[in-house]
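Protein chains in written order, with this note's numbering: chain A, 67 to 260; chain B, 549 to 769.
Written below as structure tokens is the structure these notes are about.
Written out as structure tokens, the structure is:
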């Protein structure tokens, strides 16, 4: 699969999510509003139900917005956004990151790298334990390490890091072997900032 | 109740104004940013100020303005509204204050009853936290076995979750269908299990309990 294919798949998924989710719900709401009569004795209940339905639409729009670029990532950086992600999804992971900023592109790539790995790890039946995520700066590079993932997760890492000139290293117990699929251990990603 | 409002989205601001009026509140001013709100409250008095978190001065003018407001009007309640319910912001809000303060999703204050209940509780000095956020923070299972919070019983966790939402003892009793006396007993157990000393005031210990709890859920390592 060519580089960048993943980005287009992501766009298609987002479009479907908007179409099948929020748009359909809003269309249905429009119909139900058209049926509403103030003299109906279920008027108040109907208004409450319509509000609940609107809340569901907003939840879906928030989910799509987060897929595009999390607001918190832009505002508060990788540490805050990754902790929030772990928190909200109830993932087994710890995040170590200070408040350093790396620019929108690098932070976005790092965020979605971690997210995809954690989601894959959560889905995996043989997942060994909690994942340790560390973000730090090394000279002009952002260095991201994911400890406790499996080597097959490196695929997600490549998708996000390569377009920015990033390099990926998969290591087993400290002995690093470039792109050799070793199961279980640490993936280290290095992305140049500028 | 006298309410001041700062929100940069004109549509939502107008909607909220209509709702506040319908609920019978007196609006001392409605502005589009934090600096304007600060200037307004130098001459006008409000019981509660409602602030959008994400507004000028960017990026999170609601929070920086609230810090300044709390310093000069410590008795005024603060209600933060946001499009997102996030623990990151909750932590920052709790650093600004732990009484007379609230954090709710914009769409969830969409009825006269909920809006008034939220404002009343803040004006009475309580912490009001968006239920989905309090719930998420409490129910998150964590691997850390040594954690004091993990020694709490299920019922005690229920009580703590409702405390984290800013409920009073009577409010908690009502939600759990038990007597206020039973709630007091649970709270005493929670304080003791979390190692909170009896010399602190009841309110202070409540806040510490909630913070201990929230911190335990963050998995900060």
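We treat Cβ as the ideally placed atom computed from N, Cα and C, and that holds for glycine.
Contacts around residue i, its chain only, beta-carbon distance under 6 Å, and the 5 residues preceding and following it disregarded
i: residue 240 of chain A; result: Here the model assigns residue 240 of chain A a pLDDT of 46, short of 50, so the residue's position is not dependable, and the following value carries that caveat. Closer than 6 Å at Cβ, skipping near neighbours: no residue.
i: residue 138 of chain A; result: 146, 147 and 150
i: residue 660 of chain B; result: 570 and 571
i: residue 213 of chain A; result: 198 and 252
i: residue 189 of chain A; result: none
i: residue 664 of chain B; result: 571
i: residue 163 of chain A; result: 144, 145 and 201
Whole-angstrom C-beta distance between residue j and residue i, which should lie under 8 Å
i: residue 674 of chain B; j: residue 716 of chain B; result: 7 Å
i: residue 551 of chain B; j: residue 580 of chain B; result: Incorrect: roughly 16 Å between the Cβ atoms, too far for contact.
i: residue 555 of chain B; j: residue 603 of chain B; result: 7 Å
i: residue 677 of chain B; j: residue 638 of chain B; result: 7 Å
i: residue 144 of chain A; j: residue 201 of chain A; result: 5 Å
i: residue 578 of chain B; j: residue 599 of chain B; result: Incorrect: roughly 12 Å between the Cβ atoms, too far for contact.
i: residue 159 of chain A; j: residue 197 of chain A; result: 4 Å
i: residue 572 of chain B; j: residue 610 of chain B; result: That belief does not hold up - the Cβ atoms of residue 572 of chain B and residue 610 of chain B are roughly 25 Å apart, past 8 Å.
i: residue 657 of chain B; j: residue 617 of chain B; result: That belief does not hold up - the Cβ atoms of residue 657 of chain B and residue 617 of chain B are roughly 20 Å apart, past 8 Å.
i: residue 127 of chain A; j: residue 88 of chain A; result: 5 Å
i: residue 622 of chain B; j: residue 612 of chain B; result: About 17 Å separates the two Cβ atoms, so there is no contact after all.
i: residue 112 of chain A; j: residue 106 of chain A; result: 7 Å
Same chain, Cβ closer than 7 Å to residue i, five either side skipped, listed in chain order
i: residue 13 of chain A; result: The question about residue 13 of chain A has no answer, for chain A in this structure spans 67 to 260.
i: residue 222 of chain A; result: 179, 182, 183 and 186
i: residue 718 of chain B; result: 728
i: residue 757 of chain B; result: 708, 711, 738, 739, 742 and 744
i: residue 98 of chain A; result: 116
i: residue 589 of chain B; result: 552, 597, 617 and 621
Alpha-carbon spacing of residue i relative to residue j, whole angstroms
i: residue 596 of chain B; j: residue 666 of chain B; result: 10 Å
i: residue 86 of chain A; j: residue 713 of chain B; result: 34 Å
i: residue 253 of chain A; j: residue 703 of chain B; result: 41 Å
i: residue 173 of chain A; j: residue 167 of chain A; result: 8 Å
i: residue 705 of chain B; j: residue 679 of chain B; result: 15 Å
i: residue 672 of chain B; j: residue 76 of chain A; result: 47 Å
i: residue 650 of chain B; j: residue 108 of chain A; result: 32 Å
i: residue 226 of chain A; j: residue 211 of chain A; result: 14 Å
i: residue 73 of chain A; j: residue 697 of chain B; result: 42 Å
i: residue 575 of chain B; j: residue 607 of chain B; result: 26 Å
i: residue 177 of chain A; j: residue 587 of chain B; result: 39 Å
i: residue 726 of chain B; j: residue 701 of chain B; result: 16 Å
i: residue 140 of chain A; j: residue 155 of chain A; result: 19 Å
i: residue 754 of chain B; j: residue 165 of chain A; result: 30 Å
i: residue 215 of chain A; j: residue 643 of chain B; result: 35 Å
i: residue 645 of chain B; j: residue 135 of chain A; result: 30 Å
i: residue 591 of chain B; j: residue 549 of chain B; result: 17 Å
i: residue 560 of chain B; j: residue 233 of chain A; result: 45 Å
i: residue 101 of chain A; j: residue 110 of chain A; result: 14 Å
i: residue 204 of chain A; j: residue 662 of chain B; result: 49 Å
i: residue 684 of chain B; j: residue 152 of chain A; result: 11 Å
i: residue 219 of chain A; j: residue 722 of chain B; result: 48 Å
i: residue 624 of chain B; j: residue 647 of chain B; result: 10 Å
i: residue 668 of chain B; j: residue 103 of chain A; result: 32 Å
i: residue 169 of chain A; j: residue 640 of chain B; result: 23 Å
i: residue 584 of chain B; j: residue 90 of chain A; result: 40 Å
i: residue 161 of chain A; j: residue 224 of chain A; result: 21 Å
Residues that residue i contacts on chain B, provided the C-beta gap is smaller than 7 Å
i: residue 142 of chain A; result: 636
Within chain A, partners of residue i - CB distance below 9 Å
i: residue 684 of chain B; result: 153, 154 and 156
i: residue 608 of chain B; result: 141 and 142
i: residue 658 of chain B; result: 117, 120 and 121
Partners in chain A for residue i, counting only beta-carbon separations shorter than 7 Å
i: residue 655 of chain B; result: 120, 121 and 124
Same chain only: Cβ atoms within 8 Å of residue i, ignoring 5 sequence neighbours per side
i: residue 707 of chain B; result: 720, 724, 731, 734, 735 and 738
i: residue 631 of chain B; result: 602, 653 and 654
i: residue 558 of chain B; result: 580
i: residue 230 of chain A; result: 171, 172, 175, 257 and 258
i: residue 131 of chain A; result: 137
i: residue 681 of chain B; result: 633, 634, 635, 638 and 651
i: residue 83 of chain A; result: 126, 129, 130 and 133
i: residue 195 of chain A; result: 158 and 214
i: residue 206 of chain A; result: 258, 259 and 260
i: residue 699 of chain B; result: 741
Amino acids of chain A, ordered along the chain, whose beta-carbon sits closer than 8 Å to that of residue i
i: residue 632 of chain B; result: 128, 137 and 138
Chain-ordered chain B contacts of residue i [CB-CB under 8 Å]
i: residue 150 of chain A; result: 634, 635 and 636
Any non-hydrogen atom of the ligand MG closer than 8 Å to residue i Cβ
i: residue 127 of chain A; result: In the structure shown, the ligand MG is absent, as is every other ligand, since no ligand is present at all.
Under 9 Å from the C-beta of residue i: neighbouring residues of chain B
i: residue 146 of chain A; result: 634 and 636
Three or more C-beta pairs closer than 8 Å, one from the region 253 to 260 of chain A and one from the region 563 to 577 of chain B: is that the case here? no
Do the region 87 to 98 of chain A and the region 117 to 127 of chain A touch if we need at least three Cβ pairs shorter than 8 Å? yes
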